[in-house]
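A quick write-up on the structure given underneath.
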Amino acid sequence: MNKMRVDFSAGRERKYRWVAPGLLLGLLLALSGWLYAGFLGLYPSFNHAWAQADWLAIALQFRVRGYDFFHPATFNLLTTDGVTGAGFPLPAYVSALLMGITGQAAPGLMRSVTLAAGLGGLLALFELVRRASGSAWKGTAAALFAFLSPIYLFYQANFLPSVPAVAAALAGYCCFYRALQAGTTRDARRWLAVAVAWLALAGAMRTPLALPLLCTLGHLVVLRPRRTAAGLGWRAVAALYGAAFLFLGAVFGYNEHLSHVYQGSMFLARPRTFTSWAEFLSVTKTVREYWLWSILSKPQWLLLLLVAAVAAQQGRRLWRSEWLWHWLALAAGGAAYYGLMGPLFAIHDYYLLDSFFLPLVLAFGGCLAAWQVPSARVARLAVAATTLLLGAISVWKAQAEQHRRTNPPITDKSVLTRDNFLTSARWLDSLGVPRAAKLLVLDAYSYNLPLLLAQRRGWTMLQNRNSPENLTPENLARALATLPADYVVTQNATFEQEVVRVYPAIVQRLQPVANNGRLSLWRIRRVPSRRL
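Here the sequence shown stands for residues 1 to 532, where the numbers follow UniProt numbering.
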């Protein structure tokens, strides 16, 4: 009798295919533990603490308001009942659920949600490059390249939805590649459905990241129509992408509905285009000076250029690849977004995450996959040494930038506001100020940071030009006369310089209640209306 032979190779392959991503995850967690040490538990401060506090406020209010996903709100009553359109606030909602489960409203929970999403996106990038190149080492290099981007590193353990949206886009690209490589129509459709879902989610969380969804559709329709018709079928493609764009349209329409019904939004929902060629040049110069070395550090730019140059020289197929045209469309979309929102790029570095980070990372991963590593031992050693050297410098640069961003000077107004209000909730409780009391915070720095730390809702006046909340005599007088605030809170360090200097009459309008050395609590002296 012939002995039956059992092939265990497939089983061994399935068993060990998780080793490389497992080791990568362990490395990323170790780096995260080092780079985020003492940072995860902090409230928003320094870089874009304004926007960070808005998103943390949404998460905290989800918990307070019974986890109503369809009516996101902040602590600021600038809009009716604080309700605001917020795109598709899934990270904030998941954070609120974790807060409810743990019974803690710690900011570290929301930072951890963003970090988990960011690391998941890096694992998806690893899998994408590994499948495209057949090399786990190249996949690991691509994931570490993205992780060490100073902007990605900072916002990966933050409160903004940009990194979760980028992570969803990377997951979508990984599944899209698997759909194109699938051996059967059933598998291709299944992977395409998952890809479209991830890409639609990315676009819902951050509008500019709807571009990858559009680019993948163009890839199927324009770059490989025959293979799409044979491998997927046009009906399946139309159904999947039609549903995705309907979903994005519904998200946009519902946010417009919230803005109309609740009289405004805490977030920018309209383009801010350049008004002149001179403004374009000025903003572009500012972006280059401030953010060029933040989206990628200098050694990362050098590594990207080296890999791209070698890949372009080695592979003629690269220039004829359908993925090159896909990448050009994606990069052009980022440039178009820069044109739409250009002036804001000068002060919002996370806009680079929404527009140019994904093309840069995919360019590095694609060139790495196309690069044929020399077979000669000396050449391999030279490549390894160069990569390790640039990688080590990238780690050092990333750590230095992370330290700079997370250790701002004590004179920074976001840090001053955070520190002054850090214990304000307990202080107000000790004074018998109800949690339902409405506060008016003067010189607040941000719309939500002082209110969420005080754990009370209300209004803020701050230095924000062309806004009704700007600290001007007219706006201050109007706020004191019309807003139904129960108390006014000011910061001792800035009250004289930023408030009294602007509106000297305010000292007659406020009645002191308490002072803890950092903050002062006041009641408003109501001015009786004159009879005509």
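Using N, Cα and C, we set each Cβ at its ideal position, and we do this for glycine too.
Keep in mind the model is a prediction, meaning the values are calculated, not measured.
When rounded, the separation of the alpha-carbon atoms in TYR447 and ALA243 is 36 Å.
Using a C-beta cut-off of 8 Å, the stretch 320 to 334 makes no contact with the stretch 421 to 429, since fewer than three inter-stretch Cβ pairs fall below that distance.
Inter-residue distance for ASN158 and VAL94 is about 14 Å (C-alpha atoms, whole angstroms). Membership of ASN255 in the alpha helix (DSSP H) is indicated by the continuous run 234 to 261. Within 10 angstroms of the beta-carbon of HIS326 lie 16 or more other beta-carbons, which makes it buried. A distance below 7 Å separates the beta carbons of VAL488 and LEU510. For the pair ALA182 and TRP191, the CB atoms are nearer than the 7 Å cut-off.
Taking 7 Å as the cut-off, the beta carbon of ALA105 is found closer than this to the beta carbon of LEU60.
A contact is defined here as three or more CB-CB pairs under 8 Å, and the stretch 36 to 46 fails this definition with respect to the stretch 249 to 262. Under the three-state reduction of DSSP, LEU439 is assigned to strand. The C-beta distance from PRO72 to PRO89 rounds to 5 Å, short enough to fall under 8 Å.
By a beta-carbon distance limit of 8 Å, GLY87 contacts ALA204. Their separation comes to about 6 Å. Per DSSP, reduced to three states, the secondary structure at ASN515 is strand.
In this structure, DSSP gives TYR487 an extended state, which the three-state scheme calls strand. Its chain contains PHE39 as the residues whose beta carbon lies nearer than 6 Å to that of THR406, once the 5 sequence neighbours on both sides are disregarded; these appear in chain order.
With distances taken between CA atoms, ARG17 lies nearest to SER135 out of SER135, LEU98, LEU115, ALA116.
Annotated as distal: LEU97 and LEU109, with beta-carbon spacing of 7 Å or more. Excluding residues up to 5 positions away in sequence, LEU148, PRO150, LEU153 lie with their Cβ nearer than 6 Å to the Cβ of ALA398 in the same chain.
Straight-line spacing of the CA atoms in GLU496 and ASP443 works out to 11 Å. When the beta-carbon positions are compared, LEU390 and LEU303 come within less than 7 Å of each other. By the Cβ neighbour-count rule, GLU127 is buried, with 16 or more other Cβ atoms within 10 Å of its own. Taking 7 Å as the cut-off, the Cβ atoms of ASP54 and THR79 do not count as close. Leaving aside the five residues that flank VAL163 on each side, the residues in its chain whose CB is nearer than 8 Å to its CB run, in chain order, THR114, ALA117, GLY118, GLY121, TYR152, TYR155, GLN156, LEU353. By the 16-neighbour rule on beta-carbons within 10 angstroms, TRP277 is exposed. Judged by DSSP secondary structure, THR140 falls within the alpha helix (DSSP H) whose first and last residues are 136 to 147.
A Cβ-Cβ contact shorter than 7 Å links LEU258 with GLY85.
In this chain, the alpha helix (DSSP H) harbouring GLY22 covers 19 to 35.
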